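Chemist: Numbers in this note's numbering are just positions in the sequence shown, counted from 1, shifted up by 810.
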Amino acid sequence: MSDARDTSDPRPRPTVHVAHGDLRFARNHLVVGHYAGSTLVGGEAALDQLLDGRLSRAAMLGIYPGALETCQVFTDPDKWSTPPGAVVAGLGPIGQLSAASLARAVAHAALTAALGNLSIARPRKASRRTGGVLQMRLSSLLIATGAGGLPVRDSVQALLTGLQRANDRLADTGMAVHICDLEVIELWQDRALQALDAVSASMSTGELADCYVLDPRLREMPGRQRRLVFSERDGWWQQVRVRSEDDGALTFEASVGRAGTPTRTVGTQRALVDRLVESLVDTPSPDAVSAHTLFELLFPNDLKAQAPDTDNIVLVVDRGSAHFPWELLDDHGADRVGAGDGERRTPLGVRRGLVRQLEGTTMRSHVLSATTGRAFVIGDTESGLGPLPAAQNEARAVAKTLQDKGFQCDPLITASGTQVVQGLFDGAYRIVHLAGHGVFDWPVPAAGTDGVDGTARVTGLVLGGGMFLTAGEIGQLRQVPELVFVNCCHLGAVAESGTAAPTLGGRYHRLAASVATELIDIGVRAVVACGWAVDDEAAATFATTFYDAILAGETFGDAVTRARAETWNQHPDVNTWGAYQCYGDPDYRLAREGIELTSGPAHHLASTEQARVEIENLGQSVDVSRDTNYGLRRLHTLVGQLDASDLADGALQVLIARTYNKFGNFDLARDYFRRTLASGGTALTVRDFEVWIDQTVRTAATDAVHGSGAPGGSGIALLGADAVETAAATIESSIATLRHLIDDPGSVVLGSGPGPSVLAAADAVPAPSIDRLWRVASAYKRLALVTCPARSAAAAAAAPDDWTRATAALVDAADWYRRAHEAAGPHDRRTNGALANWLAAELALTWRPVADRPGVEPDTARRLLHDALEEADEEARHSPSFWTVAVVGDLVALAALWAPEPTRAKAAKAVDRYERAALIGSEEQLRQVRDQVDWLADMANSDHPPQAAFLRTLQEGLDAIT
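(1) Please work out which residues of its chain come closer than 6 angstroms, Cβ to Cβ, to Trp1378, disregarding the five sequence neighbours upstream and downstream, and give them in chain order.
(2) Going by C-alpha to C-alpha distance, which of Gly1333, Pro824 and Pro1199 sits closest to Leu1168?
(3) Just reading off the alpha helix (DSSP H) that Arg1372 is part of, what are its end residues?
(4) Leaving aside the five residues before and after Ala981 along the sequence, list all residues of the same chain whose C-beta is less than 8 angstroms from its C-beta, in chain order.
(5) DSSP state of Tyr1239, grouped into three classes?
(6) Compare the C-alpha of Ala1461 against each of Trp1136, Ser1489 and Ala1619 and name the closest.
(7) With a cut-off of 8 angstroms, do at least 3 Cβ pairs link the region 858-876 to the region 1028-1037?
(8) Determine, using beta carbons only, whether Leu901 and Ala954 come nearer to each other than 9 angstroms.
(9) Taking the C-alpha atoms as reference points, what is the distance between Val1231 and Arg1288?
(10) Determine, using beta-carbon pairs with one atom in the region 1717-1726 and one in the region 1656-1666, whether at least three such pairs fall under 8 angstroms.
(11) Spatial neighbours of Asp1638 within its chain, please: C-beta separation below 7 angstroms, excluding the five flanking residues on both sides.
(12) How about the region 1636-1652 and the region 1693-1703: do they share at least three Cβ pairs that are nearer than 8 angstroms?
(13) Within a Cβ cutoff of 6 angstroms, which residues of the same chain sit near Ala1245, ignoring the five residues on either side of it in sequence?
(14) Buried or exposed: Thr1492, going by 16 or more other Cβ atoms within 10 Å of its Cβ?
(15) Hey, how far is the Cα of Arg823 from the Cα of Leu992?
(16) Between Ala1510, Leu1465, Thr1469 and Asp1456, which lies nearest to Arg1443 when the distance is taken from Cα to Cα?
(17) Spatial neighbours of Leu1620 within its chain, please: C-beta separation below 6 angstroms, excluding the five flanking residues on both sides.
(18) Can you grab the Cα-Cα spacing for the pair Val842 / Ala919, in whole Å?
(19) So which of Thr885, Glu879, Ala877 and Leu878 has the shortest CA-CA distance to Leu865?
(20) Identify every residue that forms a DSSP beta bridge with Phe884.
(21) Check for me: the beta strand (DSSP E) holding Ser1054 runs from which residue to which?
(22) Would the beta-carbon of Trp1708 fall within 9 angstroms of that of Arg1672?
(23) Give me whichever residues DSSP pairs with Asn1439 in a beta bridge.
(24) Grouping DSSP H, G and I as helix and E and B as strand, with all else coil, what is Leu960?
(25) For the beta strand (DSSP E) holding Asp1190, just list the boundary residues, first then last.
(26) With Glu1500 and Arg1628 assumed to form a contact (beta carbons below 8 angstroms), what rounded beta-carbon distance in angstroms separates them?
(27) Would you give the residue range spanned by the beta strand (DSSP E) that Ile1223 belongs to?
(28) Would you decide whether Gly895 is buried or exposed? Buried here means 16 or more other CB atoms lie within 10 Å of its CB.
(29) For Glu1725, which option in Glu996, Pro893, Gly1767 and Gly831 has the closest C-alpha, if you only look at C-alpha atoms?
(30) Where do the N-terminal and C-terminal ends of the beta strand (DSSP E) with Ile1771 fall, by residue?
(31) Can you tell me where the alpha helix (DSSP H) holding Ile1580 begins and where it ends?
(32) Which residues in the same chain have their Cβ closer than 7 angstroms to the Cβ of Thr1351, if we skip the five residues on either side of it in sequence?
(33) Please classify Met1031: does DSSP put it in a helix, a strand, or coil?
(34) Quick one: what's got a C-beta closer than 7 angstroms to Leu1690's C-beta in the same chain, skipping five residues either side?
(35) Assuming Thr1418 and Asp1456 make a contact with CB atoms under 8 angstroms, what is their CB distance in whole Å?
(36) Based on Cα-Cα distance, which residue from His1676, Leu850 and Ala1132 lies nearest to Gly876?
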């Protein structure tokens, strides 16, 4: 297919690109799909975070797309978010989407975006129109290709078909909008390549032939990942809907694989089933016969045949089917533990994950979810009924687990009803855990009466004194908890007072179903409710295992599955493992700022190549992850699992060194560089040696600056003479080596020593790469830092105003940064960074002028910065990355510092750009920005109050970025 295009055509064939990387680097509004009734997870949740919660706020208001051919467009008014916005297309119920319906959904979404004139290309040229037609660009994920969804090829075909139909509709109606460009983004390399092949195949025949122009190259972006296993993950969550009919029948609908199954209705004798259910849930002792009988009675025959499958189940129930103990039903599967007569089966509910969702909820229109790190835990109350020691112990254990993970939690043990209610409304809680006596449909005195007339009934936790804690009280909270755990099924002792405890008599499951459905209605995202009498020790195992998993960052579905399996393994003689009705999205995660999440169960390496791939992925993730500590811990773990023969691989040693360097652990990076060199160094490149030397410079400066010393007047540590000389000698030696590498890069291979540089000055340097020039300049900058009187106790004591040594280093830094700026090509994205560093050094020299040195005039600097700001701003909007956005902040700050009087408004603008950069960068990258501002502050010292005050404002703003 020819790529020739008529550039004057107002409706050209759209160009399709496939990008391999993180969605935060999407260049345009990003099209995503949303199933009706599901929560925001995966890429959609990540997009919501990048757009400052705009998607989740719409979901809370009940105006979020879900039904097929519904759509909403979200955008950042400042057009600084990355991506700049989202186009959310409703996909209808889970399990019912086909390629044809996806094409309709995409067409509807594209038309909605076009109608609002949104997702406009951020053009590099002034014109946004061709022949009077607005040219619109879109980005898209591979929609509906998750586990159990559409094949990649079908998703791509539907995406292209939908966009083409939208363009045809726009042309037919004469609307002056045209979709001219589509970017398909995928994190994983194998799926990105599948998408590229699918685009090519879709464009070769049929309806889409000659409709698009394909960019045949895979566009690589930061954060990209690859894997050795290309298949979809096992254990996707198969959705099964169960509806109760007026005649007592149950109607089942199930999505099997990628196809839907016909509806199956099972006629039931409700009285017979209810009697079996009550016998099953009235005791913690297992009853395999009743469990199997109920399975045979309730499940359609065609679903029984699928029961041994490995798929997890999302059971979508209505209020009439919610009370059945689905978790306990057993197919007498073939998975057995042990042998002979004493063998025991692994129950269906343990072999497969099972969570519930509630169909037809009436969730209130506005739900404000709590985001604090607080938890509300009750362990028994002054109910006037029998004490529940197990509930008290459970509350203490849960509270400790939450406290260990950073939550504020003071459990209420045997508290009064007044204390419970007052505590509940004393702020917002992310988690609520209730353990105590419960009642279901319990008669209470009606308002204005003294006796029980049967007309007023209540379901909830017994508080005593005629008080109860129900879903209604929780619903009155301004901020609704995300997770509620309810256990009102502990077996208590007889009350000493002789007061009769409420007798549920086989109705615990109805209590759980009632409380859970009411909590879901008020907006709680995940509910765990105990459905029948439990064994106390087994209940403690379930609760602690569940919280350990959910707080470690596992999904709700995986945490529930883990808790059930652990409870069954430790307590196989009771049915407590299946007592908990768990409602929520299986992919929901509980995460909070300040809580350290882990990756769940440890995965051991099966091969050296697997280690290589995982380490490469960690290196890519550094550029997009704020939690670099997790990545560093994972890298430590991977390296620790390698044996001696693996570590003898020079290429793997170099990869480990490079990855440690990206995480900012220079000590370990140098150690692995040395190991590689000791074993021959054949895998090392000249760039590796340059990085190694750069690490040495950075470490020398960092160790010196953060080393012990006498406190200075500004509160910073002053360096002793020995520390200064050691650091300076190391940096100067490294500079000599770097300059020699510029003169003779082959010396690394041929083994000639550094020797003196043949160049007398930077001006004599031939045209080396910007990287090498930048490293030399950076080393001089750090030399200026460790030798300036603001840092050196010796210099400050001998001559506090003597900046001779530091100024000489500043001159060299400025000259080498200038060379780096001049060496950058016209399309090199580092041009503005080199300019910023050059003018930062020149600015410092205006504070410490050097005689007879022609510096940069303020007017010239301001003009250069003004011109660079326009270009950098455009680059940041068109191709956002941490550095393209952060450099805008650098240029804004420098423009203010070169002005006669820097203002706080300019400082706020610079900090705003740094905040936006932090959204798409790592903690290590942000640390480098902080180091640069700290360096300028040291150069200004207290001798230049307006600039020093401006830089302090920048420092405070950067410190506040989390």
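No residue lacks a Cβ here, since even glycine has one placed at the ideal position from N, Cα and C.
It should be emphasised that the depicted structure is a prediction, and the values quoted were computed from it without experimental measurement.
Modeler: The structure says:
(1) Val1160 and Trp1387
(2) Gly1333
(3) Phe1366 to Gln1380
(4) Arg821 and His988, listed in sequence order.
(5) coil
(6) Checking every option, the nearest Cα to that of Ala1461 belongs to Ser1489.
(7) Touching, no, given that fewer than three Cβ pairs across the two stretches are closer than 8 angstroms.
(8) yes
(9) 14 angstroms
(10) no
(11) Ile1580
(12) Short answer: they touch.
(13) Gly1189, Ala1201, Glu1204, Ala1205 and Asn1297
(14) exposed
(15) 11 angstroms
(16) Thr1469
(17) Ala1594, Ala1651, Ala1654 and Leu1655
(18) Whole-angstrom Cα-Cα distance: 10 angstroms.
(19) Thr885
(20) Ala896
(21) Trp1047 to Ser1054
(22) yes
(23) Per DSSP, none; premise fails for Asn1439.
(24) coil
(25) Ala1185 to Thr1191
(26) Contact doesn't hold; Cβ gap of about 20 angstroms is too wide.
(27) Here the beta strand (DSSP E) through Ile1223 covers Leu1222 to Ala1225.
(28) buried
(29) Gly1767
(30) Careful: Ile1771 lies outside any beta strand (DSSP E) and carries neither H nor E.
(31) First-last of the alpha helix (DSSP H) with Ile1580: Ile1580 to Thr1597.
(32) Glu1376, Thr1377, Gln1380 and His1381
(33) coil
(34) Reading the sequence as shown, one finds Pro at residue 1690 and not Leu. Taken in chain order, the residues that qualify are Phe835, Thr892 and Ile1730.
(35) 5 angstroms
(36) The residue with the shortest Cα to Cα distance from Gly876 is Leu850.
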